[in-house]
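Q: One structure is given below, represented as structure tokens, and several questions about it will come after.
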Amino acid sequence: MDLRWLDDVLILLEEKNMTRAAARRNITQPAFSRRIRGFENWLGIAILQRGTNKIEISPALFSNEKEIRALVLRLQDLRSKIADFNPASLTVSIAAQHAPVFSTFPDMALRANHVFPSLKFRLQADNLRDCVTMFLRGDTHMLLCYESKNAGPLPFDASIRRGLWGIDYLVPVVGGRLRYAVKDSGEIAPATPAIVYPDNSYFGEVLNAGERLFGTRNHSKDPVCETAFSSGMKELTLKGVGVGWLPYSMVHRELETGDLISLANTYGQEPLEVAIYADIKEEIALAVLQVWSKAPNIREEQTAQAL
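Here the sequence shown is numbered in this note's numbering, starting from 35 and rising by one per residue.
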């Protein structure tokens, strides 16, 4: 269908006369008549009753005038959005778990800004449940979170698209004076203090399901401190307060310098996917999702080599 036909129809409804309508469209009456016939052919019904000396406009056309005008406006708006779309000049809002804000988002931001230099971000950090609520409520364009096979899937339908930034791992680490308590075998005394996650936190759920020592109160003999904030747990672990389970991407530099020691060879590790979700109705979110999903993320290879 030629979109000009809709404008022709609206002018005809206003003028109620073919000659005046053709003049307003700045074309001859025969040319205007051909365009109206083109619209009729596309529609499948006649909108004009043509007599010898006059024409009559179908009442159905008059009754749907508002809908036709609304359709024209929507099409114009869509055309403008497509023509003027520029992700680089926009702001994307992201609901994000606390942990990936510290562990992975800095690299993600650099990657996105490499493609869209002026792109801006607005982060809203919270626990996973509240992040999902914010995202589904439409408060943010995207959701950034860790996902584990030991936790249930997120409640999204086909209107939400998922991307994968990369793979991370929860690993048990010790720092400070506790580094000297690690035996040559890689073990540490079962009564060693632990900084644990609450059972109702996401990492707590993951570690409980995996029955990981030192991860939660259920699997620690001396849970000296409980916190859901992995950034705070990292600082406590560095000071030697206790064993802490942390994302590898958050502690890889400290493991390289020796400020932290990994216990993963003895007590295992929990694989985590760094997932990104976007509402398919948000162009900017889909554009950024595509960049992040195709990013050459080498964290998985680094983790495998380090552990």
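C-beta: ideal position from N, C-alpha, C; glycine also.
Measure how close the beta-carbons of Leu-82 and Arg-195 come, nearest whole angstrom, since I'm counting them as under 8 Å.
A: About 46 Å separates the two Cβ atoms, so there is no contact after all.
Q: Which whole-angstrom value is the C-beta distance of Lys-172 and Thr-271, which I expect to be below 8 Å?
A: Reading off the sequence shown, one finds Gly at residue 172, where the question assumed Lys. Their Cβ separation, rounded to whole angstroms, is 37 Å, which puts Gly-172 and Thr-271 out of contact at 8 Å.
Q: Roughly how many whole angstroms lie between the Cα atoms of Tyr-236 and Ala-185?
A: Near 8 Å, if we compare the C-alpha coordinates of Ala-185 and Tyr-236.
Q: For Asn-51, count the other beta carbons within 10 Å of its own beta carbon; 16 or more makes it buried, fewer makes it exposed. Which is it?
A: Flag for Asn-51 reads exposed.
Q: Does the structure place the stretch 271-285 close enough to the stretch 217-229 that three or more beta carbon pairs sit under 8 Å?
A: Touching, yes.
Q: If I'm right that Leu-212 touches Ile-310 with Cβ under 8 Å, what's the distance once you round it to whole angstroms?
A: Incorrect: roughly 35 Å between the Cβ atoms, too far for contact.
Q: Between the beta-carbon of Leu-280 and the beta-carbon of Tyr-180, is there less than 8 Å?
A: The answer is no: Cβ separation not under 8 Å.
Q: If we ignore side chains and look at the alpha-carbon of each, how far apart do Tyr-308 and Gly-200 end up?
A: As written in the sequence, residue 308 is Val, which differs from the Tyr given in the question. About 5 Å.
Q: Please give me, in chain order, every unbroken run of the beta strand (DSSP E) with length at least 3 that falls completely inside the stretch 191-238.
A: The stretch 191-238 contains these whole beta strand (DSSP E) runs: 194-209, 228-230.
Q: If we ignore side chains and look at the alpha-carbon of each, how far apart do Val-285 and Pro-189 end up?
A: Looking at the two C-alpha atoms, the distance is approximately 30 Å.
Q: Going by C-alpha distance, which of Ala-56, Glu-260, Ser-67 is nearest Gly-278?
A: For Gly-278, the nearest C-alpha among the options comes from Glu-260.
Q: Locate the alpha helix (DSSP H) running through Asp-141, then write down its first and last residues.
A: Here the alpha helix (DSSP H) through Asp-141 covers 139-149.
Q: Under the rule that 16 or more other beta-carbon atoms within 10 Å means buried, what is Gly-292, buried or exposed?
A: It counts as exposed.
Q: Work out the CA separation of Gly-238 and Thr-300 for me, nearest whole Å.
A: Each residue's alpha carbon lies about 20 Å from the other.
Q: So, helix, strand or coil for Leu-45, using DSSP?
A: The sequence shown places Ile at residue 45, rather than the Leu named in the question. Three-state result, Ile-45: helix.
Q: Output needed for Leu-162: all residues of its chain with C-beta closer than 7 Å, excluding positions within five of it in sequence on either side, in chain order.
A: Closer than 7 Å at Cβ, skipping near neighbours: Gln-131, Cys-179, Tyr-236.
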